[in-house]
Amino acid sequence: MSEIETGKTTAIVAYITIVGCLIAITMNLEPKNTFARFHIRQAFGVHLLFHALAILFTYSGLVYLSFIAYIVYMVLWVLGFVQALNGKTKPLPVVGPYFQKWFTFIS
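Note that the numbering used here has the sequence shown beginning at 2, numbered continuously upward.
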């Protein structure tokens, strides 16, 4: 079985809410899978970005911007999820390469 096929389930689980991402991190502890690790980092970044923006916009009084943040979140989530389903490891637009650099603690 290839690296992609063995890590696909873990990669898909990572996109199912922030809790799914945490579960995927534990699923990838042993044995480590590079395909799953790539998607865990992407999903973790997408979930974290959305929650951070939602909190920022809510407490700054810019609640109407939360709608834009939600649309950006959904677009990034769908792009990442489809990539995981198709067995691809292309970083998400704009933020994907940063997620790979910032979340190196996810191994």
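All C-beta atoms, glycine included, are put in the ideal place defined by N, C-alpha and C.
- In this structure, R42 sits near Q101, with a CB-CB distance shorter than 8 Å.
- Here T7 carries a helix assignment [DSSP, helix/strand/coil].
- In this structure, the beta-carbon distance from N34 to E4 falls below 8 Å.
- Secondary structure note for G88: it is in no alpha helix (DSSP H), with a DSSP letter that is neither H nor E.
- Straight-line measurement puts the Cα of K9 at about 13 Å from the Cα of P32.
- Linking H52 to G46 through their CA atoms gives a straight-line distance of about 10 Å.
- Sequence-distant partners of T11 (beyond 5 residues in either direction) whose C-beta falls short of 6 Å from its own C-beta, in its chain, are A25, M28, N29, A37.
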